[in-house]
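To convert, note that position 77 of the sequence shown is 86 in our numbering; the numbers rise steadily by one, no gaps. We treat Cβ as the ideally placed atom computed from N, Cα and C, and that holds for glycine. Scroll down for the structure; my scribbles are underneath it.
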Amino acid sequence: MSLEKTPSETCVLVTGGAGFIGSHTVVELLEGGYQVVIVDDLSNASEKVLDRIAQIVGDEAAERMSFIRADVADRDALEAVFESFPIDRVIHFAGFKAVGESVAKPIEYYGNNIGNTIALIDTMRAYGCKDIIFSSSATVYGDPDALPLTEQSPKKFCTNPYGWTKWMIEQILMDTATADPEWNVVLLRYFNPIGAHESGLIGEDPKGIPNNLLPYVAQVAVGKRDCVHVFGNDYDTPDGTGVRDYIHVVDLAAGHVSALAWMNGRTGCEIFNLGTGTGTSVLEIIKAFSEACGRELPYVIEARRPGDVTANWADCTKARELMGWEATRGIAEMCRDSWNWQSHNPDGYGE
Ligand code: UFG
């Protein structure tokens, strides 16, 4: 049952808390006074993140953070976490997230992402913890009929197994909240998170060749890659390149703290878009990053990437009106912070 509690009384389990969005959210939670327990198997994250988080928030706040290295699908490990800590609410980030890889490895993606969610919510139920925030994605909207996307826009066909796992986990959580009115579920649909913490101490550290635009552009800027490959310039957009709603990861992280405060003492299931409400093209991103790093970044136009939609951006009115949350950082700050992270950590966390 969802009890109303102050942040200092609230113990939040953050699955995948060492990852890109997870680590930035942990910083905001610690700064907001919460107790935080990170469960992460470090399959796509570095333990160094924990020291960096501590550096950002300071020793006193860092004392409110615990780390357990475990796979969320490991029920024994999860039970041990619930035995050891008085978990009040869960923010569930842990999951595989590479779109292209998910096409090649559907069984792994469905097995891991859905399997770990089932293990998590089953364990939560056993311990009477029924408050969860799920890390969903604008990918569930598929190819939109109309923009901006509101939470009422239809969920459509996804173009890859990764997207379907988000789609299906949303459904599982909605059904769970319908079956048992004690559940308190918040589905956060992220648009395109980029940027890094202003300190330059934490950021995105993709393994291998980055799939996403921003980490790729950042690696071109730092000299690790020759030029940006622009996937298509014949879309029906002002400059022909794909348009997305890029959101600063720190704004996104703050959205989770707002959601925690909003869900306090509630039950049911609510969906929120987390974006900025503004669309930016691939060429505009390259230009903004060039300004941030102080040199013209080279690019070549390539064929469209299969599965990409022309454009999407969010209507975030609901998050503003209900949770009082709004993104405040623009593209220039996103590129500045991404560059600050990349230039100070050219090899990410260096593993
Ligand atoms: N793009 C390029 N070159 C690149 C990479 C991307 O031109 O090297 C273009 C894409 O075609 C697209 C835009 O840049 O137009 C953004 O692409 P990303 O791969 O950065 O992001 P996506 O919008 O494809 O996907 C992101 C997340 C997904 C999430 C989705 C939700 O990566 O996890 O947003 O809409 F599901």
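- As the crow flies, the alpha-carbon of V48 is around 5 angstroms from that of I77.
- The three-state secondary structure of H206, taken from DSSP, is coil.
- DSSP, read as helix, strand or coil, puts F166 in coil.
- Between the stretch 116-130 and the stretch 171-182 there are three or more C-beta pairs closer than 8 angstroms, enough to call the two in contact.
- Check the Cα spacing between V45 and each of S55, L59, A54, A323: the tightest is with L59.
- In this structure, H257 sits near R338, with a CB-CB distance shorter than 7 angstroms.
- The C-beta of F29 has 16 or more other C-beta atoms within 10 Å across all chains shown, which makes the residue buried.
- The Cβ atoms of D140 and R98 sit closer than 7 angstroms to each other.
- About 7 angstroms separates the Cβ atoms of A262 and V36, confirming a contact at the 8 angstroms cut-off.
- If you ignore the 5 residues before and after G264, its C-beta comes within less than 6 angstroms of the C-beta of L283, W334, all in its own chain and listed in chain order.
- Here DSSP, grouped into helix, strand and coil, assigns A107 to coil.
- Linking L182 to S144 through their CA atoms gives a straight-line distance of about 12 angstroms.
- Put simply, the backbone Cα of S32 is about 30 angstroms away from that of K165.
- Only buried fits A297, as 16 or more other CB atoms lie within 10 angstroms of its CB.
- Rounded to whole angstroms, L292 and P307 show a C-alpha spacing of 11 angstroms.
- Taking C-alpha positions only, D317 is separated from T168 by approximately 8 angstroms.
- Residue state for Q64 is assigned as helix, using DSSP reduced to three classes.
- In this model, A82 and D189 are separated by some 23 angstroms (Cα to Cα).
- Spanning the alpha carbons of I340 and Y136 requires a straight line of approximately 42 angstroms.
- Looking only at N242, V309, L38, E311, the smallest Cα-Cα distance to V66 is reached by L38.
- For K216, same chain residues with a beta-carbon under 7 angstroms away, outside a window of 5 residues either side, are N53 in chain order.
- Taking one beta carbon from each stretch, the stretch 202-218 and the stretch 341-355 have 3 or more pairs nearer than 8 angstroms; the two touch.
- Annotation for C344: A297, F298, A301 place their beta carbon closer than 6 angstroms to its own, counting only its chain and skipping 5 residues before and after.
- The Cβ atoms of T148 and Y244 do not sit closer than 7 angstroms to each other.
- Closest by C-alpha distance to A312, out of V237, T287, A270, is V237.
- Residue pairing from DSSP places Q44 in a beta bridge opposite C20.
- Check the Cα spacing between I142 and each of D152, T126, A155, G151: the tightest is with T126.
- Taking the Cβ of T148 as the reference point, at least one heavy atom of the ligand UFG falls within a distance shorter than 6 angstroms.
- With a cutoff of 7 angstroms on beta-carbon distance, D254 and G288 are scored as near each other.
- Secondary structure at S290: strand, using DSSP grouped into helix, strand and coil.
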